[in-house]
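*Asks:*
In our numbering, the protein residues as written are 2 to 121.
(1) Heavy atom of the ligand NAD less than 7 Å from the Cβ of residue 62, yes or no?
(2) Whose C-alpha, out of 83, 8 and 91, is nearest the C-alpha of residue 114?
(3) Does the separation of the CB atoms of residue 84 and residue 65 fall below 8 Å?
(4) Looking only at DSSP bridge pairs, what is residue 26 linked to?
(5) Where does residue 72 sit, in a helix, a strand or coil, going by DSSP?
(6) Determine the DSSP secondary structure at residue 116, reduced to helix, strand or coil.
(7) How many Å lie between residue 25 and residue 111 at the Cα?
(8) Return helix, strand or coil for residue 45, following the three-state DSSP convention.
(9) For residue 15, which residues of its own chain have a beta-carbon under 7 Å away from its beta-carbon, when the five flanking residues on both sides are left out?
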């Protein structure tokens, strides 16, 4: 999907394994994050085909949980003034009971400790 020389092999293998084990779900925020590597939506859809990646909207419960995680982040000294995309992604996984594939395990473990992570 992206040409990250440090993580491409791990990411590709982990994603392939996740697809072998069941449905892989993305939301519009994941879609947006991946989109920065592509000039056209058709190119993005070619690497994230709907038949391989179930697409879900962000549940309102996830929005609420993302807000609460963001408040905790701010109380702990976080400097951002609006919730980070990771908060929405983590909250979506938490409210739906999904596993989460990530290379940034520390943030998810800190703010969403109930999520099962797939990480290096």
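Where a beta carbon is used, it is the ideal one built from N, C-alpha and C, also for glycine. This one's a predicted model, so the numbers in the text were calculated from it and none came from an experiment.
*Replies:* This is what the structure holds:
(1) Looking for the ligand NAD in the displayed structure turns up nothing, as the structure carries no ligands at all.
(2) To locate residue 114, count along the chain shown from 1; it is residue 113. Across the set 83, 8 and 91, the C-alpha of 91 shows the shortest separation from the C-alpha of residue 114.
(3) Mapped onto the chain shown, residue 84 falls at position 83. Mapped onto the chain shown, residue 65 falls at position 64. Contact: no.
(4) In the chain shown, residue 26 corresponds to position 25, counting from 1. Note: residue 26 sits in a beta bridge opposite 55.
(5) Counting from one through the chain shown, the residue named residue 72 turns up at place 71. In this structure, residue 72 counts as helix in the three-state DSSP scheme.
(6) Numbered from its first residue, the chain shown carries residue 116 at position 115. Per DSSP, reduced to three states, the secondary structure at residue 116 is coil, with no helix or strand assignment.
(7) As a working note, residue 25 is residue 24 in the chain shown. As a working note, residue 111 is residue 110 in the chain shown. Answer to the nearest angstrom: the Cα atoms are 23 Å apart.
(8) Here residue 45 refers to the residue found at position 44 when the chain shown is read from its first residue. Helix.
(9) Here residue 15 is taken as the residue at index 14 of the chain shown, counted from 1. Contacts found: 102 and 119.
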